[in-house]
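With this note's numbering applied, the sequence shown has no gaps in its numbers, which climb one by one up to 1076 at the end. We treat Cβ as the ideally placed atom computed from N, Cα and C, and that holds for glycine.
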Amino acid sequence: MGVAKSIEQRLEGLVEGFFTKVFRSGLQPVEVGRRILREMGEQKTVSVNRVYVPNEFRVSMGPDDHARFEQMEAGLRREFSDIVIEAAKENRWNLMGMPRISFVEDPSKGKGEFRVEASLAADPDRPPEVSTHAPEGDDASSSRAIASNTADRLGVRGSGGVLVVLDDKGRDKERISITRTPIVIGRMSSSDIVLADPNVSRRHAELRHEGSRWMLVDLGSTNGTLVNGKLAREHEINDGDRLAFGTSELRFEVTGA
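Shown next, in the form of structure tokens:
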């Protein structure tokens, strides 16, 4: 049985009996489940030749729907988590940590309206991972930032900047070519460079190329952005500068465009 069919049967069974009345109208759990699966399929990222999918999902909904979901929050979280794991296994995707599901009330949304924000979050005992979106087919330019070895293989010229991912000992781990700017760095799976680090904000910072200058701009992150160990809201960066987001550290390099 495919994951799509499985989710419908599991969630329909979950709301049988007493909860059938609760979910008679408004947002249905199966709709949220389908959206979560869609986000997993559309927001895949790649790191060191491994395909990762989001494991953290923030579901925003209107007050009426949120009140209903709250009545069976624990059960829904458990079912959605199982479905995420099942989908990852069936498609041979990798998760950076256990699934995390949260339901958030949004007064601006009406009955039946909702939004799912997907992110990557590593478990506390696992080192943060950096990943980028795989190009569509052989068109590397469809991604603003890709692994340098992929750019070399496809013959794609970068925009003159490279970010080198460093491990916990400060050694080079992976090189990421910036093909065009601006690029967003953050935990959300839609970011150009995705940091699976709980200390990183969903949209943490933005890297811009303005003429001959490279600028790093913090996007109002919770824990701030560091350049060479100092907090920076908007900072011109140069070859060799070290950039820190949460516990993730990268080195910026200028290359021939």
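How many angstroms separate the CA atom of Asp944 from the CA atom of Asn968? In this structure, the alpha-carbon of Asp944 lies about 29 Å from that of Asn968.
By a C-beta neighbour count over all protein chains shown, 10 Å radius and 16 as the cutoff for buried, is Asp987 buried or exposed? Under the 10 Å beta carbon count, Asp987 is surrounded by fewer than 16 other beta carbons and is classified as exposed.
My understanding is that Gly1102 touches Asn1042, with C-beta atoms under 8 Å, so please give their C-beta distance in whole angstroms. What is shown of the chain runs 820 to 1076, which leaves residue 1102 out entirely.
Can you list, in chain order, the residues of its chain with a C-beta nearer than 6 Å to that of Pro918? Leave out the 5 residues immediately preceding and following it. Counting only Cβ-Cβ distances below 6 Å, and skipping sequence neighbours, we find Asn874, Ser900, Val903.
Continuous beta strand (DSSP E) assignments of at least 3 residues falling wholly in the segment 954 to 1002: Here the runs fully enclosed are 964 to 966, 980 to 985, 991 to 997.
Nearest by alpha-carbon distance to Ser927: which of Arg911, Ala966, His885 is it? When each option's Cα is compared against that of Ser927, the closest is His885.
Taking 8 Å as the cut-off, decide whether the C-beta atoms of Ala906 and Met859 are in contact. In this structure, Met859 lies closer than 8 Å to Ala906 by Cβ.
Taking the C-alpha atoms as reference points, what is the distance between Leu1069 and His1054? Distance from the CA of Leu1069 to the CA of His1054, rounded to the nearest whole angstrom, comes to 15 Å.
Excluding five sequence neighbours on each side, which residues of the same chain lie with their C-beta closer than 7 Å to the C-beta of Val1073? Only Gly979, Gly980, Asp1058 meet the Cβ criterion.
Between the C-alpha atoms of Ile1012 and Gly881, what's the straight-line distance to the nearest angstrom? Taking the Cα positions, Ile1012 is about 31 Å away from Gly881.
Determine the DSSP secondary structure at Asp1037, reduced to helix, strand or coil. Asp1037 carries a strand assignment under DSSP once its states are collapsed to helix, strand and coil.
Please report the distance separating the alpha-carbon of Lys930 from that of Glu924. If I take the Cα positions, the gap works out to 12 Å.
Among the residues of its own chain, which have a CB less than 8 Å from the CB of Asp1037, if the five just before and after it don't count? Same-chain partners within the cutoff: His1023, Ala1024, Gly1043, Thr1044, Ala1051, Arg1052, Glu1053.
Nearest CA to the CA of Glu811: which residue from Leu1014, Gln862, Asn1047? Residue 811 cannot be examined here, being either before or after the span of the chain that is shown, 820 to 1076.
Reference Pro954, options Ser962, Trp912, Glu948, closest by Cα: Taking Pro954 as reference, the option from Ser962, Trp912, Glu948 with the minimal CA-CA separation is Ser962.
Continuous alpha helix (DSSP H) assignments of at least 4 residues falling wholly in the segment 879 to 911: With a minimum length of 4 residues, the unbroken runs of alpha helix (DSSP H) contained wholly in the segment 879 to 911 fall at 882 to 889, 892 to 910.
Is Gly916 closer than 8 Å to Asp942 when the C-beta atoms are compared? Yes. Within cutoff.
Helix, strand or coil: which one does DSSP assign to Leu914? Three-state result, Leu914: coil.
Using a threshold of 8 Å, state whether the C-beta atoms of Met1007 and Ser938 are closer than that. Yes, Cβ-Cβ distance for Met1007 and Ser938 is below 8 Å.
Starting from Arg853, trace the alpha helix (DSSP H) in both directions and tell me its first and last residue. Its alpha helix (DSSP H) spans residues 848 to 861.
Nearest neighbour of Arg934, chosen from Leu914, Arg877, Arg887, Arg911 [CA to CA]: The alpha carbon of Arg934 has as its nearest neighbour, out of Leu914, Arg877, Arg887, Arg911, the alpha carbon of Arg877.
Alpha carbon to alpha carbon, what distance is there between Arg1061 and Arg1027? The C-alpha of Arg1027 lies about 16 Å from the C-alpha of Arg1061.
CB contact flag (Thr998, Ala970, <8 Å): Their beta carbons are under 8 Å apart, which means Thr998 touches Ala970 by this criterion.
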